[in-house]
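Input: a single structure, listed below in structure tokens.
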Amino acid sequence: MSARRLPLAGLLAALALPGPATAVPADSVGRSIYLRGVLGSGAPLEGTREAGVVTTGADAACVNCHQRSGLGSVEGHLSIPPVTGEYLFHSRAQDASEPVLPYVESLHGNRDPYTDATLARAIRDGLDSQGRPLSYLMPRFALSDEDMAALVEYLKTLSVHRVPGVTDTVLHFATIVTPDADPLKRRGMLDVLEQFFVQKNLFPLKPSPRMLTSGKTQYSKSMYMANRHWQLHVWELTGPAASWRAQLDKHLAAEPVYAVLSGLAGSNWAPVHEFCEQNAIPCLFPNVEVPVIAERDFYSLYFSKGVLLEAQLIARTILGPDDHPAAGAVEQVYRAGDSGEPAAEALAAQLKEHGVTVHSTVLAAGAQGHKVTAALRRAALRKDARGQALVLWLRPADIAALGDVPAGAATVYLSGLMGGLEKTPLPAGWREHTLMTYPLDLPDRRGVRLDYPLGWFAFRHIPVVAEQVQTDTYLACSLLADVLNRMADNFARPYLIEQLQALLEHRLITGYYPHLTLASNQRFASKGGYVVHFRNPGGTALVAEGDWIVP
Amino acid sequence: MMPQSHPHFRRHSVLVRLAALTGVALLVLAASDVNAADDESSAPAPAASGQIRSIRKYAVPAVRLVRDDDKVVSLPDEMNDGRPIVLNFIFTTCSSFCPLMSSVFAEFERRLGADADKVHLMSISIDPEQDTPARLREYARRFHAGLEWQHYTGTQAASITAQRAFDVYRGGKMSHTAVTLMRAAPGKPWLRIEGFLTPDDLVRDYRELLAAR
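Those sequence lines, one after another, are chains Z and G. When the letters of the first sequence are read in order and numbered with the working numbering, they come out as residues 1 to 551. When the letters of the second sequence are read in order and numbered with the working numbering, they come out as residues 552 to 764.
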């Protein structure tokens with residue numbers, strides 16, 4: 001990520017920010033020790049625990065426990081303290097004029113402030129600022145003086161208070177809509193966002209007093225977050241995808257935002273994902289069918305892998321538990337440029353690994369619906385002697401125009417997300433042959449988790465025009481509100497991601513998803529799905545083929 | 552360090568009791584019975600102290616898990632092949648203390664040397680949907696897990712059932728605590744150790760447990 005940071009755009013964005021710059025050279029030695037466990041010499045960092053357990057390289061990097069924000073974490077009984085400069089060096093304030101640091105749950109406050117020398121001793125010898133031993137979990141690191149200085153310098157730059165998009169009275173958020181997004185879903189999403197922000201801002205605002213030490217303890221007054229106005233900026237992108245990045249940079253320069261909340265895409269979200277990663281902006285739970293799967297990225301969180309998860313579910317079903325393909329050949333049908341294209345590519349790659357022949361029938365983006373039927377007939381002629389599966393990555397309009405079932409298609413797989421889930425207009429004759437991927441909780445099971453958001457919409461007169469998009473948007477908003485409540489006045493952007501990753505699994509009202517969980521290095525909160533068939537030739541009743549599958 | 556909290560002292564007393572009580576059915580000792588001193592989390596703890604040992608009787612639930620070689624297995628079958636069991640609960644994206652616990656398992660295997668193939672090390676995922684068998688294999692490779700150490704996943708429900716059975720379920724993976732369990736043979740009670748162990752601790756506990764068998 002850091003290597004691809006765009007110098008000009010980044011510079012412009014940085015110049016537009018109020019307050020002190022937070023820039024750390026992207027490849028500084030301190031940063032590479034902290035995040036990657038690589039020393040200035042290029043050698044791996046090595047940490048040793050008492051009794052000889054050695055940890056090296058990325059496994060030994062500080063970030064594993066102290067987190068990217070440097071603000072630590074709490075797991076069970078264990079609290080890993082913050083190691084940002086301000087928490088390490090902050091004096092035990094006696095002076096009532098000194099500002100108070102925001103509360104962090106994992107703070108070990110009962111010690112003298114560190115100095116550069118005692119901090120080096122802590123890292124090398126495992127003794128705190130008063131010479132007491134640190135936890136067994138904390139390894140000892142034999143850093144050279146140069147590496148130590150670089151690391152300490154990095155810790156001093158971590159999580160400084162000024163964060164773009166956060167003022168004393170306002171939190172700025174953007175939501176991003178790409179030009180190919182469905183207009184109905186766009187309206188439904190914006191209705192929910194706008195109402196949520198209105199609701200959030202109902203409480204009377206008055207500037208909160210600057211938090212000062214009470215003299216009793218330096219942290220006693222720091223647990224509260226100033227109530228800030230939530231301001232929504234809707235960034236509507238236009239034109240071809242190649243121009244989106246420049247538009248986003250321009251929006252950001254004009255309206256610095258703290259995070260990107262929800263959002264809506266057609267088949268391509270990648271430029272937005274990259275924009276968020278490169279500008280270190282949290283990008284929270286957009287409504288996208290094709291998220292970006294990049295294990296090493298940090299700032300983008302998604303509800304699921306969308307159609308790419310459906311591709312995995314179909315692959316798992318075709319290959320079976322023992323990787324013995326149930327179909328000798330697979331024919332896929334999708335429209336060029338739609339979400340089915342990357343999904344079909346992902347499925348083909350996975351099936352080909354196991355010796356399954358995969359053909360694709362690609363419909364031009366603007367082709368008429370009846371062309372689908374013609375293409376299917378051609379596809380049926382390629383029928384393999386060992387049996388064939390047909391995979392449809394199609395929208396409701398194309399599905400409605402499918403016509404008669406082509407001869408020879410043993411099993412039809414249909415993308416539920418693209419095809420309209422249980423309301424898909426699949427012609428009756430197709431239904432007994434069709435398995436649909438359903439990477440959500442089943443309709444008869446999710447009701448209780450939808451009651452609250454749907455009631456919330458009803459009370460606020462929000463028309464339900466795209467139920468899943470709207471309830472997902474509501475879920476994204478309420479997760480953000482919950483997590484900000486936990487963060488006191490600590491707005492470090494990585495901390496927002498870390499807190500969401502930790503908090504999510506405790507969420508009960510999870511809308512369309514049976515449950516959601518994240519952790520460090522996890523970006524996709526719902527990890528599985530069902531494969532279902534229709535109970536009857538008509539109607540929307542579904543029957544799951546088996547349990548929830550995690551491919 | 553206060554004398555009554557000395558790890559060796561407590562280990563000894565627990566194992567004496569374990570030896571005395573072996574064969575007595577349905578024996579459950581609360582952790583507080585055998586733990587003289589608890590650690591205050593605010594005071595930085597010295598290395599690997601704060602361990603709490605207790606002897607417990609657990610009913611192994613008849614739950615099906617998926618082993619890291621993709622095989623669906625029954626938990627009782629995995630535990631009842633006659634070998635002593637050393638068990639913990641981990642998840643692969645846990646970056647704080649699971650890697651430490653897994654390093655200690657790896658070092659434990661190494662130190663047992665030729666005796667390693669007489670033990671069965673088991674690590675059950677508490678984040679089973681993320682931890683597919685493939686991810687578990689990758690995790691096991693990261694710690695150079697030997698042949699006698701298997702990792703398990705399964706459905707969310709199966710993992711929670713296993714966690715509850717061994718009293719390690721705390722409502723979610725982010726609330727987990729460091730617990731190591733060991734049992735000398737099928738039908739025997741379990742030695743439960745809460746807190747971090749060093750490889751030395753684990754080897755010593757294991758050898759004492761076998762000696763008391």
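The beta-carbon is built from N, C-alpha and C at its ideal position, and this holds for glycine as well.
Given that residue i touches chain G, what residues does it touch there, using C-beta distances under 8 Å?
i                      : result
residue 137 of chain Z : 647, 648, 651 and 747
residue 73 of chain Z  : 647
When the Cα atoms are used, what is the spatial distance from residue i to residue j?
i                      : j                      : result
residue 231 of chain Z : residue 375 of chain Z : 49 Å
residue 4 of chain Z   : residue 274 of chain Z : Any reading at residue 4 of chain Z must be qualified, since the residue scores a pLDDT of 41, below 50, and its modelled position is unreliable; no value is offered.
residue 730 of chain G : residue 640 of chain G : 7 Å
residue 371 of chain Z : residue 352 of chain Z : 27 Å
residue 262 of chain Z : residue 358 of chain Z : 35 Å
residue 12 of chain Z  : residue 253 of chain Z : Its pLDDT being 37, under 50, residue 12 of chain Z is placed unreliably in this model, and the coordinates cannot settle the point.
residue 418 of chain Z : residue 35 of chain Z  : 39 Å
residue 316 of chain Z : residue 354 of chain Z : 11 Å
residue 584 of chain G : residue 605 of chain G : Only weak support is given to the placement of residue 584 of chain G: the predicted model assigns it a pLDDT of 34, under 50, and the question is left unresolved by the model.
residue 390 of chain Z : residue 196 of chain Z : 42 Å
residue 286 of chain Z : residue 535 of chain Z : 32 Å
residue 459 of chain Z : residue 199 of chain Z : 12 Å
residue 625 of chain G : residue 684 of chain G : 16 Å
residue 103 of chain Z : residue 763 of chain G : 49 Å
residue 518 of chain Z : residue 537 of chain Z : 39 Å
residue 503 of chain Z : residue 73 of chain Z  : 11 Å
residue 621 of chain G : residue 510 of chain Z : 30 Å
residue 399 of chain Z : residue 338 of chain Z : 14 Å
residue 108 of chain Z : residue 90 of chain Z  : 12 Å
residue 547 of chain Z : residue 441 of chain Z : 11 Å
residue 242 of chain Z : residue 236 of chain Z : 15 Å
residue 332 of chain Z : residue 173 of chain Z : 40 Å
residue 432 of chain Z : residue 490 of chain Z : 55 Å
Can you check whether the CB of residue j is closer than 7 Å to the CB of residue i?
i                      : j                      : result
residue 514 of chain Z : residue 310 of chain Z : no
residue 175 of chain Z : residue 193 of chain Z : yes
residue 76 of chain Z  : residue 653 of chain G : no
residue 308 of chain Z : residue 348 of chain Z : no
residue 186 of chain Z : residue 264 of chain Z : yes
residue 127 of chain Z : residue 33 of chain Z  : no
residue 756 of chain G : residue 688 of chain G : no
residue 188 of chain Z : residue 470 of chain Z : yes
residue 141 of chain Z : residue 47 of chain Z  : yes
residue 69 of chain Z  : residue 492 of chain Z : yes
residue 766 of chain G : residue 612 of chain G : Because residue 766 of chain G is not part of the residues shown, which for chain G are 552 to 764, the question remains open.
residue 520 of chain Z : residue 646 of chain G : yes
residue 699 of chain G : residue 668 of chain G : yes
residue 760 of chain G : residue 638 of chain G : no
residue 676 of chain G : residue 642 of chain G : yes
residue 486 of chain Z : residue 501 of chain Z : no
Give the interface partners of residue i over in chain G, defined as CB-CB distance under 9 Å, in chain order.
i                     : result
residue 62 of chain Z : Result: empty, since nearest Cβ-Cβ is about 11 Å, beyond 9 Å.
residue 65 of chain Z : 646, 647 and 648
Taking 6 Å as the line, does the beta carbon of residue i fall inside it for any heavy atom of the ligand HEM?
i                      : result
residue 716 of chain G : For the structure depicted, the ligand HEM is absent and the ligand set is empty, with no information on it obtainable.
Mind pulling the chain Z residues with CB within less than 7 Å of residue i?
i                      : result
residue 654 of chain G : 53 and 55
residue 718 of chain G : Under the 7 Å cutoff, chain Z gives no residues; its nearest Cβ is about 13 Å from residue 718 of chain G.
residue 751 of chain G : 51
List the residues of chain G whose Cβ lies closer than 7 Å to the Cβ of residue i, in chain order.
i                      : result
residue 550 of chain Z : 680 and 683
residue 306 of chain Z : Under the 7 Å cutoff, chain G gives no residues; its nearest Cβ is about 16 Å from residue 306 of chain Z.
residue 76 of chain Z  : 721, 726, 727 and 728
residue 80 of chain Z  : 647
Chain Z partners of residue i, CB-CB under 9 Å?
i                      : result
residue 706 of chain G : 547, 548 and 550
residue 642 of chain G : 519
Identify the contact partners of residue i in chain Z, using a Cβ-Cβ distance below 8 Å as the criterion.
i                      : result
residue 660 of chain G : What residue 660 of chain G touches in chain Z: nothing, since even the nearest Cβ is about 13 Å away.
Report task. Note down, in chain order, all residues in the region 537-548 of chain Z with a beta-carbon under 9 Å from any beta-carbon belonging to chain G. Result -> The region 537-548 of chain Z vs chain G, Cβ under 9 Å: 547 and 548.
Query raised in the report: Which of the residues in the region 223-254 of chain Z, read from start to end, lie with their CB under 7 Å from any CB of chain G?
Result: Flagged: no residues at all.
Query raised in the report: Going along the chain, which residues of the region 510-540 of chain Z sit with their C-beta nearer than 8 Å to a C-beta in chain G?
Result: Answer in chain order: 515, 517, 519, 520, 521, 522, 527 and 528.
Report task. Please list the segments of the beta strand (DSSP E) lying wholly inside the region 308-389 of chain Z, counting only runs of 3 or more residues, in order along the chain. Result -> Here the runs fully enclosed are 329-335 and 357-363.
Report task. Pick out the complete alpha helix (DSSP H) segments inside the region 399-431 of chain Z, 4 residues or longer, and give them in chain order. Result -> Complete alpha helix (DSSP H) runs here, min 4: 416-419 and 428-431.
Report task. Give, in chain order, every unbroken run of the beta strand (DSSP E) that is at least 3 residues long and sits entirely within the region 243-267 of chain Z. Result -> Qualifying beta strand (DSSP E) stretches, in chain order: 259-261.
Query raised in the report: According to a CB-to-CB cut-off of less than 7 Å, which residues of the region 679-695 of chain G neighbour chain Z?
Result: Of all residues in the region 679-695 of chain G, 680, 681 and 683 have a Cβ within less than 7 Å of some Cβ in chain Z.
Query raised in the report: What residues in the region 27-51 of chain Z bring their beta carbon closer than 8 Å to a beta carbon of chain G?
Result: Within the region 27-51 of chain Z, 49, 50 and 51 place their CB atoms closer than 8 Å to a CB of chain G, listed in sequence order.
**Report entry** Start-end ranges of the beta strand (DSSP E) lying completely within the region 681-755 of chain G, minimum 3 residues
**Finding:** List check, beta strand (DSSP E) in window: 700-704, 730-734 and 741-745.
Query raised in the report: Name the residues in the region 487-511 of chain Z whose C-beta lies less than 7 Å from a C-beta of chain G; which are they?
Result: So the list reads 502, 505 and 506, given in the order they occur along the chain.
Query raised in the report: In chain order, what residues of the region 273-295 of chain Z put their CB closer than 8 Å to some CB of chain G?
Result: Listed by position along the chain: nothing, the set is empty.
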